[in-house]
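Worksheet: the structure to be examined is printed underneath.
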Amino acid sequence: EDQVTQSPEALRLQEGESSSLNCSYTVSGLRGLFWYRQDPGKGPEFLFTLYSAGEEKEKERLKATLTKKESFLHITAPKPEDSATYLCAVRLPFGNEKLTFGTGTRLTIIP
Amino acid sequence: SQTIHQWPATLVQPVGSPLSLECTVEGTSNPNLYWYRQAAGRGLQLLFYSVGIGQISSEVPQNLSASRPQDRQFILSSKKLLLSDSGFYLCAWSEYTDTQYFGPGTRLTVL
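In structure tokens:
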């Protein structure tokens, strides 16, 4: 069965302390890996889409990378406003509309 | 730009009562539309998706149904709610790309 696993489940960092979140997947024929940010009580906010191994995308303090079996979301010098749950999702081969989500990493940045 | 609306934002319903959640999208034509449920500690679960008016695909057999009476309107319904229907319901849309964009969500509590 196709699976998406995110680690760690929760991460507490001091402001300015860089780290990485992991998303590993066991799907056949990946057609896109997606990162979202979700604040409490709100809908997920789209961050990045990655399609092929070696691809990287950046937005402010966030950088997403992709290998054949996992993706990393690197956060550099985080600020308290980066605190949120970060969700990873994968999309299966063409014709299947389904996104399979991980359970997320809850990130807390301490001032 | 595109905007997605969901209502109500919160809902408390007794077991056995009916349900109707509505989602509308502005600023796009013929979007793909999706209903997800997010339970505490679990990833987002795709419930239904639609590629056009009257076209509904169900991912998980359950107590719920979906309809798409207009191009940019998606409705989630139930005739009789169960306790297990409680959760955070999210509507999403996608257009030419794979990226799905989420609405603000509806928090449903069944008592």
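So the sequences go chain by chain: R and A. For the first sequence, the residue numbers in my numbering are -17 to 93. For the second sequence, the residue numbers in my numbering are 98 to 208. Ideal Cβ placement from N, Cα and C applies to all residues, glycine included.
Checklist entry - For A/Y160, which residues in chain R fall below 7 angstroms Cβ to Cβ? => result Mapped onto the second sequence, residue 160 of chain A falls at position 63. The sequence shown places Asn at residue 160 of chain A, rather than the Tyr named in the question. The premise fails here: A/N160 is roughly 20 angstroms from chain R at the closest Cβ pair, so nothing lies under 7 angstroms.
Checklist entry - Could one say the Cβ of R/T31 lies closer than 8 angstroms to chain A's Cβ atoms, at least one of them? => result Here residue 31 of chain R refers to the residue found at position 49 of the first sequence. At least one chain A Cβ lies under 8 angstroms of R/T31.
Checklist entry - Among A/D182, A/V207, A/W190, which residue has its Cα nearest to the Cα of A/G149? => result As a working note, residue 149 of chain A is residue 52 in the second sequence. It is A/W190.
Checklist entry - Which same chain residues, not among the five before or five after R/F30, have their C-beta less than 6 angstroms away from its C-beta? => result On the first sequence, position 48 is the one that residue 30 of chain R refers to. For R/F30, where only same-chain residues beyond five positions count, the Cβ hits under 6 angstroms are W17, K39, A46.
Checklist entry - Between which two residues does the beta strand (DSSP E) harbouring A/V109 extend? => result Numbered from its first residue, the second sequence carries residue 109 of chain A at position 12. Unbroken beta strand (DSSP E) run through A/V109: 107 to 110.
Next on the checklist: Which residues of the segment 13 to 31 of chain R have a Cβ closer than 9 angstroms to any Cβ of chain A? Give them in chain order.
Outcome noted: R13, G14, F16, Y18, Q20, G23, K24, G25, P26, E27, F28, T31
Checklist entry - How big is the Cα-Cα spacing for R/G36 and R/L12? => result By 1-based counting over the first sequence, the position of residue 36 of chain R is 54. By 1-based counting over the first sequence, the position of residue 12 of chain R is 30. Rounded to whole angstroms, R/G36 to R/L12 spans 14 angstroms at the Cα level.
Checklist entry - For the 8 angstroms Cβ check, are there 3 or more pairs between the segment 163 to 172 of chain A and the segment 121 to 136 of chain A? => result yes
Next on the checklist: Please report the straight-line C-alpha distance between A/Q135 and A/V157, rounded to a whole angstrom.
Outcome noted: Residue mapping note: residue 135 of chain A aligns to position 38 of the second sequence, counting from 1. Residue mapping note: residue 157 of chain A aligns to position 60 of the second sequence, counting from 1. Cα-Cα distance, rounded: 14 angstroms.
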